[in-house]
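Heads up, the thing below is written out as C-alpha cells.
Number of protein chains: 2
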Amino acid sequence: MESLNLPKKVFLKEVGPRDGLQIEKVFTPTNKKIIMCNLLSECGFDDMQFTAFVHPKAVPNMADSVEVSQKIMRKPGMMYSALVPNKRGYINAAAAGIKKVEMTMSATESHSISNLNCNTSDSLRTIQECLDLGLDIKLIVGLAVTFGCPFEGRPKFERITSIVNELNAMEIREVGLCDTSGVADPRQVYDFSSRLIDSFPDITFYFHAHNTHGTGLANVLAAMQAGIINFDTSIAGLGGCPYAPGASGNLATEDVAQTLKYMDIETGLDIDKLIEASKFAAETVGHHDSATLRAGKMNHLVECGPVMQKNNRKN
Amino acid sequence: MESLNLPKKVFLKEVGPRDGLQIEKVFTPTNKKIIMCNLLSECGFDDMQFTAFVHPKAVPNMADSVEVSQKIMRKPGMMYSALVPNKRGYINAAAAGIKKVEMTMSATESHSISNLNCNTSDSLRTIQECLDLGLDIKLIVGLAVTFGCPFEGRPKFERITSIVNELNAMEIREVGLCDTSGVADPRQVYDFSSRLIDSFPDITFYFHAHNTHGTGLANVLAAMQAGIINFDTSIAGLGGCPYAPGASGNLATEDVAQTLKYMDIETGLDIDKLIEASKFAAETVGHHDSATLRAGKMNHLVECGPVMQKNNRKN
Chain R
1 MESLNLPKKV FLKEVGPRDG LQIEKVFTPT NKKIIMCNLL SECGFDDMQF TAFVHPKAVP
61 NMADSVEVSQ KIMRKPGMMY SALVPNKRGY INAAAAGIKK VEMTMSATES HSISNLNCNT
121 SDSLRTIQEC LDLGLDIKLI VGLAVTFGCP FEGRPKFERI TSIVNELNAM EIREVGLCDT
181 SGVADPRQVY DFSSRLIDSF PDITFYFHAH NTHGTGLANV LAAMQAGIIN FDTSIAGLGG
241 CPYAPGASGN LATEDVAQTL KYMDIETGLD IDKLIEASKF AAETVGHHDS ATLRAGKMNH
301 LVECGPVMQK NNRKN
Chain G
316 MESLNLPKKV FLKEVGPRDG LQIEKVFTPT NKKIIMCNLL SECGFDDMQF TAFVHPKAVP
376 NMADSVEVSQ KIMRKPGMMY SALVPNKRGY INAAAAGIKK VEMTMSATES HSISNLNCNT
436 SDSLRTIQEC LDLGLDIKLI VGLAVTFGCP FEGRPKFERI TSIVNELNAM EIREVGLCDT
496 SGVADPRQVY DFSSRLIDSF PDITFYFHAH NTHGTGLANV LAAMQAGIIN FDTSIAGLGG
556 CPYAPGASGN LATEDVAQTL KYMDIETGLD IDKLIEASKF AAETVGHHDS ATLRAGKMNH
616 LVECGPVMQK NNRKN
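Quick note, the sequences are listed as chains R and G, same order. Position 105 of the first sequence, counted from 1, bears residue number 105 in the working numbering, the numbering being contiguous throughout. Position 89 of the second sequence, counted from 1, bears residue number 404 in the working numbering, the numbering being contiguous throughout.
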C-alpha cells in the first residue's frame, strides 16, 4: 500500500476579484472591490489576480480596473496581477503599474472567436508582440477551455500540446490549464497535466478550477497527484460559466484551503480570514457557492483514541 | 508518468429514499416515495437502500417502511435493501421480506449514544444477536462517523480497525466506511481505505459519501484509488448532517455517475433516467444539491482535433 502522491505545499492564486466578479451583471461598486481586495490581501496569498484590463463593453464590471489598482492596499511581497485579453489590455495594465499579467487565449477556435474575437493563431501572435514590447511585466498565459469547450467538446491532447509548444518557444514560463466550463474530469486532468509536465520541464503549469459540475476539488486532487502545485480559485466560489447560468462558479478558495489543511498540505492561508473575506464577497454580490459558508468550518481536528471506552450508560 | 490507479467498474448503491429522506422534517407522502423508488429502479442500480426499519419517533419519515416495501415495483435481479439501527428493526425488516439490511453503528461512543442510544459494544453485541437468529437475510454493517465525529473529532485508525476486527470475527463481509458528517478528506479516505483493505481481505468495504464540505467527489476519487469500488450515493444529493443544517447533503448519485462516465469508469447507470428520478426527488422534497440539476449534463464529449484550423476571420 502506497500513499497518494501529494505535494507538501500548494499555492492558491486568488482570482475572485477578477474571474469571480467579471460575470456579475450588476456593477460592483469600486469601494466594495477595494475592500474585498484588501480583505483578501490579509489572507496569506502570494498572488492575487485582482482585476482585468479589458474593454468595458466586453466586461462592464472591470471598467474601474485602473482606479482599483490605484486604491487597493499592497501587501509587501505579494503579487497583484491582472488578466488581459489582448495587446491593448497588456499595454494598459503595464501603464497602471501591473507587474504580472495573464494573457488569456483559447484552446479551441470556436471559443477563441466567441470569447476573444480572434483565432488562436492571432492570440499567439499577440503574445509575441507583447513580449517584443520589452516592458517590465511578467507575462503568463491562461489556456481557456483546455479540458472542454462549449462549442467543440473536448480538445485532444495533441491540440493542447501544440499550443503549449508555441508558448514554450516564446519562453512563456507559466501556463494555465483552465477548466473554463468546469467540464474536466479527474482522469483527464491527471492525464493532461502529467504529460504536459513531462514534455515541458521549463514551464510551470497551473490549474484553473471551476466547479460547474461539482468536480472542482476532485480535479484539484488529480492535478496535485500529477505534480501541479499552483491553482486558481475564487473566494466564495464566485464566478461561473456563461453557458451554465444556474451552475456553481469557480472553485471556492476557502473550500480548497480548508480541505488542504486537513490533508496536511500547506497553503500559507488563514482560514478564518478567508471566511471573513468570503462573507464580504458573498454579501457584496448577493450569492455564493461556498461549502464553507454553508456548513461552517471543518473543525473536527481532535482525535479520539483507539480504546472503546465504556461509559456504562447501559448494563 | 503513470496513470491514476482507477477501477474499470464501480457500483453505486442508491440510498436516497432512505438516507436522503430520513432527514426531511415534512413527511414525504408514501405514494411519492413509491414513485421515487420506481423511477430509481429503472436507472440500472444493483442495490437500492430504499427505507429504514426504525422507530417512527426517531425517524418519522420512515414510518411507512412496511407499506413502501410492499408497494414498490421490484426489478428482477436488483436488491432492495434497508437500514436498521437495532435488533427490533432487523426483525421487522426480515418480517417485511427484506433480504439485505445494513445495521448502522458508530465509530465513536459519543455518536453512538447520541444517534443509537447505546454503546458501540452494545451495537456489536446486537449484530451478533441478529446473526444468531439465523434468519435468511444478509447483514452488512455501516460504520458511522468513521472519518470524523461531531463530538469527538477524528477517530484514530486503530479505533476503526479494532471495530472492524470484531465485525470480521463475526464474519460480516461488507462494511461501510461512512463519512456521516462529511468531514473526511481525500488523504484520510485513501489512508483508512487502503489499510483496511490490506488488513481484511475477506471484507468488501464501501464508502458512504456526504458532500457537507464539498469534498464528496474528491473522497470518492481517493477511495477508488485505494481500491474501493462500492459507494453509497443519494439521488439529487438529498440527505445531510443534522449538525450542519444549511449544508449540502449526501453526494448526488447523478453527479458521481456522470463524472465516472467521463472517466470511462462503468457504473451501468442511465444518466437520463437518473436525471428524471433526481428531478422528481427534488420536486418532492422541494430542494436538491445536484450539480447536474443546476448545470445540466456534461455533454461535451465530442473531441476537436489537433490541427489549429484557420477560419480566416481575420487577415
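Even for Gly, the Cβ is constructed at its ideal location relative to N, Cα and C.
Select from R:Ala144, R:Val68 and R:Gln70 the residue whose C-alpha is nearest the C-alpha of Met103 (chain R). R:Ala144
Identify the residues that DSSP records as bridge partners of Gly89 (chain R): which are they? For Gly89 (chain R), which the question treats as bridged, DSSP gives no partner whatsoever.
Under a three-way DSSP split, which group does Val374 (chain G) fall into? coil
Considering Cα atoms alone, identify which of R:Met298, R:Glu283, R:Gly239 and R:Ala291 is closest to Gly561 (chain G). Measuring from the Cα of Gly561 (chain G), the nearest candidate turns out to be R:Ala291.
Please name the residues in the stretch 497-516 of chain G whose beta-carbon is closer than 9 Å to at least one beta-carbon of chain B, in chain order. Absent from the structure: chain B. Protein chains present are R and G.
Could you tell me if Ser318 (chain G) is buried or exposed, where buried requires 16 or more neighbouring beta carbons within 10 angstroms of its beta carbon? exposed
Report yes if the CB atom of Ala277 (chain R) is closer than 8 Å to the CB atom of Leu293 (chain R), and no otherwise. no
With a 10 Å radius around its C-beta and 16 neighbouring C-beta atoms as the bar for buried, classify Val416 (chain G) as buried or exposed. buried
Cutting at 7 Å between CB atoms, please list the residues of its own chain near Thr30 (chain R), excluding the five before and the five after it. Asp64, Glu67 and Val68
With a threshold of 16 other CB atoms inside 10 Å of the CB of Gly134 (chain R), please say whether the residue is buried or exposed. exposed
In the structure shown, what three-state DSSP assignment does Leu321 (chain G) receive? coil
Are the CB atoms of Val175 (chain R) and Gly148 (chain R) within a distance shorter than 8 Å? no
Three-way DSSP call (helix, strand, coil) for Ala144 (chain R) in this model: strand
Against chain R, which members of the stretch 524-540 of chain G pass a CB distance test of less than 9 Å? Asn526, Thr527, His528, Gly529, Thr530, Gly531, Leu532, Ala533, Asn534, Val535, Leu536, Ala537 and Gln540
Within the continuous alpha helix (DSSP H) that includes Tyr262 (chain R), where are the two ends? Thr253 to Tyr262
In terms of DSSP beta bridges, what is Tyr190 (chain R) paired with? Answer is none; Tyr190 (chain R) lacks a bridge partner.
In whole angstroms, give me the CA-to-CA distance for Val15 (chain R) and Gln49 (chain R). 5 Å
Does DSSP classify Glu14 (chain R) as helix, strand or coil? Three-state result, Glu14 (chain R): strand.
Chain R residues whose Cβ lies nearer than 8 Å to that of Leu319 (chain G): Pro186, Arg187, Tyr190, Ala222 and Gln225
In whole angstroms, give me the CA-to-CA distance for Gly237 (chain R) and Leu566 (chain G). Cα-Cα distance, rounded: 18 Å.
So is Ile544 (chain G) in contact with chain R if we call contact Cβ pairs under 8 Å? no
Please compile the residues from chain R whose C-beta is within a distance smaller than 9 Å of the C-beta of Asp570 (chain G). His213, Gly214 and Thr215
In this structure, does DSSP put Ser496 (chain G) in helix, strand or coil? coil
Between the alpha carbons of Ile140 (chain R) and Lys9 (chain R), how many angstroms are there, rounded? 21 Å
Would you kindly check if the distance between the Cβ of Thr530 (chain G) and the Cβ of Leu260 (chain R) is under 8 Å? no
Pairwise C-alpha distance: Cys493 (chain G) and Gly457 (chain G): 6 Å
Buried versus exposed, by CB contacts within 10 Å (16 or more), Met73 (chain R): exposed
Do Leu431 (chain G) and Ser425 (chain G) have their CB atoms nearer than 8 Å? no
DSSP on Val175 (chain R), reduced to helix/strand/coil? strand
Residue of R:Pro186, R:Thr212, R:Asp19 and R:Val164 minimising C-alpha distance to Asp579 (chain G): R:Pro186
Among G:Asp517, G:Gly554, G:Ile442 and G:Phe520, which has the Cα closest to the Cα of Thr495 (chain G)? G:Gly554
To the nearest angstrom, report how far apart Ser549 (chain G) and Ile442 (chain G) are at their CA atoms. So the two alpha carbons sit approximately 26 Å from each other.
Secondary structure at Lys414 (chain G), three-state DSSP: helix, strand or coil? coil
Specify, as a first and last residue, the run of the beta strand (DSSP E) that Phe365 (chain G) falls within. Asp362 to Ala367
By the DSSP assignment, the alpha helix (DSSP H) with Thr269 (chain G) in it spans what residues? For residue 269 (chain G) there is no data in the structure shown, the boundaries of chain G being 316 and 630.
Tell me whether Ala610 (chain G) is buried or exposed, calling it buried when 16 or more other Cβ atoms sit within 10 Å of its Cβ. buried
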